[in-house]
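Student: Here the working numbering runs 1223 ahead of the position in the sequence shown, where the first position is 1.
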Amino acid sequence: MKVKVISLLIVVLLLFAITPGISAEGADSRPVVGVAWRSNQESETFVAACKAIEAAGGRPVILGQVLSADLVYENNMLIGSTDADGALTAEAAKLIRCNTWQGSNVEEVMDGITAIVFPGGEDISPSLFYSPQPVETREGISAERDVSDFLLMSWCLEKDIPILAICRGMQLLAVVSGADMIQDITLYMSSLGKEYGYEHRYNPETPKAYRNFAAHDVKVTAEDSLLFRLIGTDTIKAVPSWHHQAVRSVDGTRLIITGETDTAGERIIEAIERPDKTFVLGLQYHPEIAVVRETDEASLIYFTTLVNMAKKNEK
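1. Run through DSSP, which three-state label would Ala1445 get?
2. Give me whichever residues DSSP pairs with Glu1493 in a beta bridge.
3. I'd like the span of the beta strand (DSSP E) that includes Asp1372, first residue to last.
4. Once the 5 residues before and after Glu1248 are set aside, which same chain residues still bring their CB inside 7 Å of it?
5. Quick check on DSSP: helix, strand or coil for Ile1524?
6. For Ile1302, name the three-state secondary structure that DSSP assigns.
7. Is the Cβ-Cβ distance between Leu1529 and Val1258 less than 8 Å?
8. For Thr1323, collect the residues of the same chain with a Cβ closer than 7 Å to its Cβ; drop the 5 residues on either side in sequence, then sort them by chain order.
9. Taking its Cβ as the centre, do 16 or more other Cβ atoms sit within 10 Å of Ser1246, making it buried, or is it exposed?
10. In the DSSP output, what is Asp1499 paired with across the bridge?
11. Below 8 Å, how does it come out for the stretch 1513 to 1523 and the stretch 1454 to 1470: are there three or more Cβ pairs, yes or no?
12. Whether or not the stretch 1378 to 1386 and the stretch 1408 to 1424 are in contact is what I'm after, with contact meaning three or more pairs of Cβ atoms, one per stretch, closer than 8 Å; do they touch?
13. What residue range is occupied by the uninterrupted beta strand (DSSP E) comprising Ser1464?
14. How about Lys1442 and Thr1486: are their beta carbons less than 8 Å apart?
15. Hey, quick one: how far does the alpha helix (DSSP H) through Ala1275 stretch, first residue to last?
16. Have a look at Phe1526, Lys1317, Ala1366 and Ala1310 and flag the residue whose alpha-carbon is nearest the alpha-carbon of Pro1510.
17. Tell me Glu1483's beta-bridge partners as DSSP assigns them.
18. If you reduce the DSSP assignment to three classes, tell me which class Ser1472 lands in.
19. Can you tell me whether Gly1344 is buried or exposed? The criterion is at least 16 other CB atoms within 10 Å of its CB, across all chains shown.
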């Protein structure tokens, strides 16, 4: 009997020894990377962001919802702060822009988190823009997520937390920083008299193609940038793309543009950074999809770098 027990203990200890990130005490020793909250955690890009963090050797931790003390909630849903389109009202958005994270639960949500990913998702309430706009397109807005992300992003920027912001996340970084936005690329191109070929996502009217990602190249516009140091080339080939909104301009902000594409003769911004921070990188395309679908090592570098920064910053 004693021999069987001893043998079993040896097997358990061996399993701990060969399982990555697991110590003999059973604790997960992988560096922790936060993933900003959203209500629908089963979306492909959200799940892929978590898987990409794991592929880079990190442990993704889905963060809780950040709540504003300036707004009213019931069961974590906003009461009286949204309009008919589901966007934040002008009054609610102004409270969020002006008061940012003060009085929120963001410090509790970020306890123990030293690096973060803001993944893709819904459109952002245009009332949050530095120059607020009415809703032009109705493709889905989560006002609760807008509040949570805006407060969380403003806190992370102030505290110099390493940030990887993807698609909606990059747009949020732009909005928090005061950049100008394009609500819909199709409408924007039409206003310029340009023909848009849906280079940044498949035409939503195309049968059975709506959830596919378009592929296009990205030109790296600054060698003295995080993006160039990570990728090491002036052109990133065939990035997975899925967006209909974009950053129009970063003039007057602390952001710099480090990646772009030419679309019908117009610049579409694909990467932005905050050079005054340790690591703040926004990508309009989806490297997490390239990691999960194609096991793309070049795209994994974004997540590996963030995981390494989390490990370095852990106390």
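Each residue gets a CB set at the ideal place from its N, CA and C atoms; glycine is no exception.
Tutor: With the structure as the only source:
1. coil
2. Paired residue(s): none; Glu1493 is not in a bridge.
3. From DSSP, Asp1372 is part of no beta strand (DSSP E) but of the alpha helix (DSSP H) over Ala1366 to Glu1381.
4. Summary for Glu1248: the model assigns pLDDT 49, below 50, so the residue's position carries little reliability; its value from the coordinates is reported in the next sentence. Hits under 7 Å: none found.
5. helix
6. coil
7. no
8. Leu1374 and Ser1377
9. For Ser1246, the pLDDT reaches just 45, beneath the cut-off of 50, and the residue's location in the model is therefore unreliable, although a value from the coordinates is still provided. Ser1246 should be labelled exposed.
10. Bridge partners of Asp1499: none, in fact.
11. yes
12. no
13. Thr1458 to Ser1464
14. no
15. Glu1267 to Ala1278
16. Phe1526
17. Lys1442 and Ile1492
18. strand
19. buried
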